[in-house]
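Student: Pasting in a structure now, in structure tokens, and then I'll have a few things to ask.
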Amino acid sequence: MDVLRTTFSGDDRQLDWVHLTAPGPEEVADVLVQDGIVLPPTMPGSGRAEFDRYPEFVYLRFFKLHAETLDHHTTEASAVHFVVTKNQIVSWSMCADVAADFRLTRKKLTMHPDLIRSANHLAYYVVDDLLEQAFPFFDRFNDKVSEVEHLTLHSDNDRKIKEEIFRLKRIIMRVRRILGSERDVAYQLSRYWSGEPHMETVYSFELYDHVIRLSETADTYREMMDTVLDVYLSSVSNRLNEIVKTLTIVTALFMPASVIAAIYGMNFDHMPGADNPWGFHVVILSVLLISALLLWIFKRRKWI
Numbered sequence: 677m678d679v680l681r682t683t684f685s686g687d688d689r690q691l692d693w694v695h696l697t698a699p700g701p702e703e704v705a706d707v708l709v710q711d712g713i714v715l716p717p718t719m720p721g722s723g724r725a726e727f728d729r730y731p732e733f734v735y736l737r738f739f740k741l742h743a744e745t746l747d748h749h750t751t752e753a754s755a756v757h758f759v760v761t762k763n764q765i766v767s768w769s770m771c772a773d774v775a776a777d778f779r780l781t782r783k784k785l786t787m788h789p790d791l792i793r794s795a796n797h798l799a800y801y802v803v804d805d806l807l808e809q810a811f812p813f814f815d816r817f818n819d820k821v822s823e824v825e826h827l828t829l830h831s832d833n834d835r836k837i838k839e840e841i842f843r844l845k846r847i848i849m850r851v852r853r854i855l856g857s858e859r860d861v862a863y864q865l866s867r868y869w870s871g872e873p874h875m876e877t878v879y880s881f882e883l884y885d886h887v888i889r890l891s892e893t894a895d896t897y898r899e900m901m902d903t904v905l906d907v908y909l910s911s912v913s914n915r916l917n918e919i920v921k922t923l924t925i926v927t928a929l930f931m932p933a934s935v936i937a938a939i940y941g942m943n944f945d946h947m948p949g950a951d952n953p954w955g956f957h958v959v960i961l962s963v964l965l966i967s968a969l970l971l972w973i974f975k976r977r978k979w980i
């Protein structure tokens, strides 16, 4: 377990931010018990964001979206947990990338300590920076949608296209569900922070606005994936129609030969041209002329 600790000054008091990377349940409990905090045992492990208010602290759970999951079959989101007290924030996650992102947040807040006047201010900036990591995810998702659209129109590998479309649909549906729960949590936070000292309305509802925009973006990409699926199904149907049309034209071109062969294949003693040495050539020439005439008609009508 890696531990990052940073101390900020806010309104004549010290504010501590402790982040734990890949801790075990016992290690998290040992850090929290120092402040007399005991979390319910069923709190971790849920796939939804959460907001729980207790007399002495607030528990939050948000998620970091991973853009690299779109290139590899890995988990698209990692849970990040927060416990906010009056003088401290304790956060932890099983993902090492979260700690790297939080280092940038620490650097920004250390350079501008006047931004932080309470633990709630600190929680706002940390959670807001965490949510901003969704934008690289959506940028990469947009690139993947463009790649799938190109494959749909220019590739015949139907299995690969179909698997990629449904994989992206599953990812965006899970992300949409996560953002939907984060939207509810952000709204609860806005109401909670609006009654706290030093938390102006801009702080209370700005986080909620950010989550709303992310949720709307997820809805947009879900609709785009439905459109891509419709385009794929249309392309498959068009290719099938082309195959059927080609087979129909070939059948029509060989139909005169089949009819003439069936007529001359009847067992009659006297057939026109049977005794003529040029009879076979005349029949073959007739078949070719009729087929050529049909081909000319098809092209004139732009059926081929």
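Counting the sequence shown from 1 gives a position; the working numbering is that position plus 676.
For every residue, glycine included, the Cβ atom is placed at its ideal position computed from N, Cα and C.
Can you grab the Cα-Cα spacing for the pair E882 / A862, in whole Å?
Tutor: Distance between the alpha carbons of E882 and A862 is about 9 Å.
Student: Quick one: what does DSSP say E726 is sitting in, helix, strand or coil?
Tutor: Residue state, collapsed to three classes: strand.
Student: Which of helix, strand or coil does DSSP assign to R977?
Tutor: R977 falls in the coil class under three-state DSSP.
Student: What's the call for F727, buried or exposed, on a 16-neighbour Cβ count within 10 Å?
Tutor: The residue in question, F727, is buried, as its Cβ has 16 or more Cβ neighbours within 10 Å.
Student: Taking 9 Å as the threshold (C-beta atoms), are T682 and R782 in contact?
Tutor: A contact, by the Cβ cut-off of 9 Å.
Student: Check this for me: beta carbons of A772 and T697, under 9 Å apart or not?
Tutor: Yes. Within cutoff.
Student: With 16 other CB atoms within 10 Å as the buried threshold, where does Y884 fall?
Tutor: Burial call: buried.
Student: I'd like to know whether the C-beta atoms of R733 and V756 end up nearer to each other than 9 Å.
Tutor: Checking the displayed sequence, the identity of residue 733 turns out to be Phe instead of Arg. Cβ atoms of F733 and V756: not closer than 9 Å.
Student: For the alpha helix (DSSP H) that contains Q864, what are its first and last residues?
Tutor: Here the alpha helix (DSSP H) through Q864 covers D834 to W869.
Student: Below 9 Å between beta carbons: does that hold for F974 and A928?
Tutor: Contact: yes.
Student: Determine whether the Cβ of A743 lies closer than 9 Å to any Cβ atom of chain C.
Tutor: The structure shown has no chain C; it contains just one protein chain.
Student: When the Cα atoms are used, what is the spatial distance from R984 to R867?
Tutor: With the chain represented from 677 up to 980, any question about residue 984 goes unanswered, as that position is not in the structure.
Student: Closer than 6 Å by C-beta to P720: which residues in its own chain qualify, once you throw out the five before and the five after it? Chain order, please.
Tutor: In this prediction, P720 has a pLDDT of 49, which is less than 50 and means its spatial position is unreliable; what the coordinates show is noted afterwards. Around P720: no qualifying Cβ.
Student: Give the range of the alpha helix (DSSP H) segment to which L798 is assigned.
Tutor: Counting along the chain, the alpha helix (DSSP H) containing L798 begins and ends at A795 to E808.
Student: Across which residues does DSSP place Q710 in a beta bridge pair?
Tutor: Q710 pairs with nothing; no bridge assigned.
Student: Have a look at L971 and R977 and give me their C-alpha separation to the nearest angstrom.
Tutor: If I take the Cα positions, the gap works out to 10 Å.
Student: Suppose you measure from the CA of A937 to the CA of L916; what does that come to, to the nearest Å?
Tutor: C-alpha separation (whole angstroms): 31 Å.
Student: Roughly how many angstroms lie between the CA atoms of P948 and P932, to the nearest whole one?
Tutor: Distance between the alpha carbons of P948 and P932: 17 Å.
Student: Label I919 either buried or exposed according to how many other C-beta atoms from any shown protein chain fall within 10 Å of its C-beta, with 16 as the threshold for buried.
Tutor: Its Cβ having fewer than 16 others within 10 Å, I919 is exposed.
Student: Can you give, in chain order, each stretch of the alpha helix (DSSP H) that sits fully within the segment 894-946 and has at least 4 residues?
Tutor: Here no run is fully enclosed.
Student: Within 10 Å of its beta-carbon, does W979 have 16 or more other beta-carbons around it, so buried, or fewer, so exposed?
Tutor: Exposed.
Student: Starting from A753, trace the beta strand (DSSP E) in both directions and tell me its first and last residue.
Tutor: Where A753 is concerned, the enclosing beta strand (DSSP E) stretches over A753 to V760.
Student: In terms of residue numbering, what span does the beta strand (DSSP E) encompassing L736 cover?
Tutor: First-last of the beta strand (DSSP E) with L736: V734 to L741.
Student: For the 8 Å Cβ check, are there 3 or more pairs between the segment 891-906 and the segment 838-845?
Tutor: Output reads yes: the segment 838-845 touches the segment 891-906.
Student: Buried or exposed: which applies to M849, given that a residue is buried once 16 or more other Cβ atoms fall within 10 Å of its Cβ?
Tutor: Exposed.
Student: Roughly how many angstroms lie between the CA atoms of F684 and T786, to the nearest whole one?
Tutor: Going from the Cα of F684 to the Cα of T786 covers about 7 Å.
Student: Using the C-alpha atoms, what's the distance from W954 back to V935?
Tutor: One C-alpha to the other measures close to 20 Å.
Student: Taking the beta strand (DSSP E) that I765 belongs to, which residues open and close that run?
Tutor: Here the beta strand (DSSP E) through I765 covers Q764 to S769.
Student: Return helix, strand or coil for D747, following the three-state DSSP convention.
Tutor: Coil, per DSSP.
Student: Would D805 and D777 qualify as a contact pair, given that the criterion is a beta-carbon distance under 9 Å?
Tutor: For D805 and D777, yes; Cβs fall inside 9 Å.
Student: For R852 versus A894, is the C-beta spacing smaller than 9 Å?
Tutor: Closer than 9 Å, so yes.
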